[in-house]
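Worksheet: one structure, shown below.
Numbering (the numbering used here), first residue to last: 39 to 155.
Following this line, the structure appears as structure tokens:
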């Protein structure tokens, strides 16, 4: 998919700024019951986000123009990795518990402009 491909987003359903994205990450961390020690936003060349076992969450700034629900999917996906390091059945069970429509969100994210497109 080309970098110019974009999902139409209304103003009310997108991120306001970096702090809005950080707030969502803190909110989801509390909800999931994990500790995030640092939240960083920066441009990343080939992924939407990453998380270290020490609790450092890095989010790609290219999430900002995307719909909130896609950014939330990325955040929840990374935070669940603090509970389960792989993408096996237990990981998927947690994803379904926190975001029942996570597979649809993942598919929509794949269709959006990805840093590695």
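In this text, a Cβ means the ideal position worked out from N, Cα and C, and glycines have one as well.
The C-alpha of residue 51 is placed about 6 Å away from the C-alpha of residue 106. Your pair residue 63 and residue 97 checks out as a contact, with CB atoms roughly 7 Å apart and the cut at 8 Å. In this structure, residue 133 and residue 112 do not form a Cβ contact; the two beta carbons are roughly 12 Å apart against a cut-off of 8 Å. DSSP places residue 62 in the uninterrupted alpha helix (DSSP H) bounded by 56-70. Contact check for residue 108 and residue 150: beta-carbon distance about 7 Å, within the 8 Å limit, so the pair qualifies.
For residue 148, the closest of 84, 78, 76 by C-alpha to C-alpha distance is 84. DSSP lists 97 as the beta-bridge partner residues of residue 87.
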